[in-house]
Structures are given as structure tokens and as C-alpha cells.
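First up is the structure itself, then whatever we jot down about it.
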Amino acid sequence: MVEAGGARRHRMTLESGDHTLTLFAYRTGPLKTVLFYALTFLTLGIFRLILHWKQKWNVKVRMVPCTFEAAEYVFIVDNHNVTELQPVLRKTETMIPTENGEMRKVPELRWFLYRKLEYIWIGDETFDGNDGDEDCCWKPSSDIADKIPSRSFLAVSEANVGLTSSEILRRLEFYGRNEIVVQLRPILYLLFMEVITPFYVFQIFSVTVWYNDEYAYYASLIVALSLGSIVMDVYQIRTQEIRLRSMVHSTESVEVIRDGNEQIIGSDQLVPGDVLLIPPHGCLMQCDSVLMNGTVIVNESVLTGESVPITKVALTDETHDSIFTMEKNSKNERK
Numbered sequence: 001m002v003e004a005g006g007a008r009r010h011r012m013t014l015e016s017g018d019h020t021l022t023l024f025a026y027r028t029g030p031l032k033t034v035l036f037y038a039l040t041f042l043t044l045g046i047f048r049l050i051l052h053w054k055q056k057w058n059v060k061v062r063m064v065p066c067t068f069e070a071a072e073y074v075f076i077v078d079n080h081n082v083t084e085l086q087p088v089l090r091k092t093e094t095m096i097p098t099e100n101g102e103m104r105k106v107p108e109l110r111w112f113l114y115r116k117l118e119y120i121w122i123g124d125e126t127f128d129g130n131d132g133d134e135d136c137c138w139k140p141s142s143d144i145a146d147k148i149p150s151r152s153f154l155a156v157s158e159a160n161v162g163l164t165s166s167e168i169l170r171r172l173e174f175y176g177r178n179e180i181v182v183q184l185r186p187i188l189y190l191l192f193m194e195v196i197t198p199f200y201v202f203q204i205f206s207v208t209v210w211y212n213d214e215y216a217y218y219a220s221l222i223v224a225l226s227l228g229s230i231v232m233d234v235y236q237i238r239t240q241e242i243r244l245r246s247m248v249h250s251t252e253s254v255e256v257i258r259d260g261n262e263q264i265i266g267s268d269q270l271v272p273g274d275v276l277l278i279p280p281h282g283c284l285m286q287c288d289s290v291l292m293n294g295t296v297i298v299n300e301s302v303l304t305g306e307s308v309p310i311t312k313v314a315l316t317d318e319t320h321d322s323i324f325t326m327e328k329n330s331k332n333e334r335k
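Be aware that the sequence shown starts at 1, since it is given in the UniProt record's numbering, and climbs by one per residue.
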């Protein structure tokens, strides 16, 4: 859902979950780049530091507005007026899913990463079905295949063959592994980012003045307290990152049908389109899935807060010609 004028516009509005994102297209300008480095050198880095604090100033000084077709960066403003600048990444000759879930080769893939989600550029070069510039937009990678008919799931269930090895490789190339990766940032990076905050930069200037005025004891006390505060902040951040990584890192063995055979793989190797076999004693689901056969009872209290387990039923032929959606087919979806 974007404003009309797709690729030729400098500004778009994107609805992503509960958030409304306003996107602006920018590219680097040679003249502005030279001016930026010159001012940074002449001010001994103070100019660059100010732009680090003021993201909107950084964009205006260093970037040139352009269309989304030519964008090198996307400036993002959410509905809480929080801003972020993300580079547009490119990859040539790669696979991408179509609206009906099939994989096809495209000459170029363009995307940016925002809050752990990949947003893919859907343009004329991506799908042959586009009717022109009006249909160009950014989409989360999970929302591209949003017009899969229910009969496709029924056909996969009836065939009972699963994905082939080549299909798995193509889907892994686009979707990646079924895991949440929480990377630990280097200690030196955390220290540096903490030191260049406005408060500690002010403290650096303050103690410099106090030392020059021979307030050595007072200035030394401020330095010691500031260093202690920085160390404690970095320690808390690192502890939180380690705790978060341990919470989200979860891999179990799952049974799937691939190449017509039953196989046991790690849950991090699952890809969209895999056929899972649920053991009779139950299991912990590592992904969203559609129930094709039988009836199951699912405990969704962690996700929805409901204390009573929910009964899920298999997808039926009554929805054969309809488009599968999470909202309409919630009784067939397992989380």
C-alpha cells in the first residue's frame, strides 16, 4: 500500500504491520560528498559528530533527493517520528518468489533492512505482471507471496512429495535460514558509541576547561565517575544482548518430506513450502504452518495470551478457489 506514482516518486508511504512508514529516496552527490569531508576535516570531526546526532541534517547535507528507481539510500520515518537511514543493497541474477509463491529468476534484486525485516523493491524488472510504474513499491519479503490460492496447498498435500533439492536451494538463497540471528556488537564499538553521545562529549569539553583552570581534583573526579558510568552502560548492553541471543536461539529436529522421502533436519533448515510431519506426541512449532491433514490442539498462550488451547482443523476443498490469508484461514494455521 503506497502512494500513487511508484518508482518516479521521491516519497512513499508503506503500511508494515502496526507501523506506518514514510520512505524517502536519496543518492549520494559528488559535490556534497567533497564538501562533507572538507568540513569534517576543517572542524576536526565536530561537523561529522553533529550530523551523527541529527540524522535529518545528515541526510540534507550528504544526500541528493532522487526517485526510488535510482535510490542508493532510503530514509525512513515511522509514525512515532523515529528516523533511520538504510542503504539499498543489490544482487544480480538471483531468485525471488512471485505473488503465487513460485520462484523465478530476476536480473536484479534490490532491498533494504529495517528492524530485522527485509523490504524488497517490486518494480517492472521484478515481475512481468506489473502494469507499470503505479505498481512499483517496497514490500516485506514475507508479504511478497500474498496471492497463493488454497488449491496450491491442497495439491502439495495430495502429491506428498515435498520440495526438490534445487527448489530448497533457491528458497534458501532468498529467505535464508529459519532462525533469528542476534549478533553481539564488539566491545570497542559499544564504548565508542557511548562516548560520542552528547552528554559525554559535553563532559569531555567540561573537564578540558577545568584542567586548564587548575581544577584538577574536581576534573579527575568527573573523569572517574564518567568512565565508571560508561563501563556500566556497556556492561548492561552486552549482558542484554547475550540474554536476548540465548532466548531466541532455538533449534530442534523436525521431520519433513523432501524429494518424496521422509527426512529429519534441523528446524533452522526449514524453508517456505516444506511439508512437515507432526509427531503423535506433539512438538514445539518452529515456524508458521498450514494444517493439511487431521486435527491438532495448539497452545498459543505465549503469542495471544489465551489460557485455553485452540483447536486447528485441516484446510478443506471448500476454500479451493480462494486466496489463502492468515486472517481468513486462522483455523487452519499453526504457530
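Ideal placement from N, C-alpha and C gives every residue a C-beta, glycine not left out.
Remember, it's a predicted structure, so these values are computed and weren't measured experimentally.
Beta carbon of residue i nearer than 8 Å to that of residue j
{"i": "V234", "j": "L184", "result": "no"}
{"i": "N79", "j": "H10", "result": "no"}
{"i": "E167", "j": "T94", "result": "no"}
{"i": "P107", "j": "R171", "result": "no"}
{"i": "Y26", "j": "M63", "result": "yes"}
{"i": "residue 346", "j": "T83", "result": "Outside the shown range of the chain (1 to 335) lies residue 346, about which nothing can therefore be said."}
{"i": "V248", "j": "V207", "result": "no"}
{"i": "V195", "j": "I222", "result": "no"}
{"i": "G101", "j": "S152", "result": "yes"}
{"i": "V290", "j": "I278", "result": "no"}
{"i": "residue 339", "j": "E252", "result": "A query on residue 339 cannot be resolved here, the shown segment of the chain reaching from 1 to 335 and no further."}
{"i": "L23", "j": "V74", "result": "yes"}
{"i": "I122", "j": "K147", "result": "no"}
{"i": "R238", "j": "I187", "result": "yes"}
Sequence-distant residues of its chain with Cβ nearer than 6 Å to residue i (five each side left out)
{"i": "R104", "result": "T98"}
{"i": "S322", "result": "S150"}
{"i": "R258", "result": "G162, L163"}
{"i": "residue 344", "result": "Here the chain has residues from 1 to 335 only, and residue 344 is not among them."}
{"i": "R177", "result": "D268"}
{"i": "K91", "result": "L109"}
{"i": "C66", "result": "A25, R27"}
{"i": "G29", "result": "V64"}
Extent of the continuous alpha helix (DSSP H) run through residue i
{"i": "F324", "result": "Note, F324: premise wrong, no alpha helix (DSSP H); not H, not E."}
{"i": "T40", "result": "30-42"}
{"i": "residue 339", "result": "With the chain running from 1 to 335 in the structure shown, residue 339 is simply not present."}
{"i": "I310", "result": "Segment 310-313 is the beta strand (DSSP E) holding I310; no alpha helix (DSSP H) there."}
{"i": "residue 336", "result": "For residue 336 there is no data in the structure shown, the boundaries of the chain being 1 and 335."}
Reduced DSSP category for residue i - H, G, I as helix; E, B as strand; rest coil
{"i": "S226", "result": "helix"}
{"i": "Y175", "result": "helix"}
{"i": "L291", "result": "coil"}
{"i": "L270", "result": "coil"}
{"i": "M247", "result": "helix"}
{"i": "L14", "result": "strand"}
{"i": "F202", "result": "helix"}
{"i": "I278", "result": "coil"}
{"i": "V209", "result": "helix"}
{"i": "I180", "result": "coil"}
{"i": "L284", "result": "coil"}
{"i": "E241", "result": "helix"}
{"i": "N299", "result": "coil"}
{"i": "A25", "result": "strand"}
{"i": "R9", "result": "coil"}
{"i": "V2", "result": "Here the model assigns V2 a pLDDT of 43, short of 50, so the residue's position is not dependable and the matter cannot be decided."}
{"i": "T316", "result": "coil"}
Bounding residues of the beta strand (DSSP E) (the contiguous stretch that carries residue i)
{"i": "F75", "result": "73-77"}
{"i": "M63", "result": "63-65"}
{"i": "V254", "result": "253-258"}
{"i": "E214", "result": "E214 -> no beta strand (DSSP E), and no H or E assigned at all."}
{"i": "T83", "result": "83-87"}
Own chain, CB closer than 8 Å to residue i, minus 5 neighbours either side, in chain order
{"i": "S141", "result": "W111, L117, E118, Y119, I120, F174, Y175"}
{"i": "Y218", "result": "W210"}
{"i": "A145", "result": "P97, T98, E99, N100, G101, P272"}
Same chain, Cβ closer than 7 Å to residue i, neighbours up to 5 away in sequence not counted
{"i": "T40", "result": "F47, R48"}
{"i": "T311", "result": "T295, I297"}
{"i": "residue 346", "result": "No answer is possible for residue 346: the residues shown for the chain start at 1 and end at 335."}
{"i": "L113", "result": "Q86"}
{"i": "Y244", "result": "The sequence given here places Leu at residue 244; Tyr does not occur at that position. Only V182 meet the Cβ criterion."}
{"i": "residue 349", "result": "Within the shown structure, residues of the chain are numbered from 1 to 335, placing residue 349 beyond reach of any answer."}
{"i": "S16", "result": "P140"}
{"i": "S165", "result": "D259"}
{"i": "H281", "result": "none"}
Contact with chain C by residue i, beta-carbon distance below 8 Å
{"i": "A70", "result": "Included in the structure is just one protein chain, with no chain C present."}
Ranges of the beta strand (DSSP E) found wholly within the segment 95-167, counting only runs of at least 3
103-114, 117-122, 137-140
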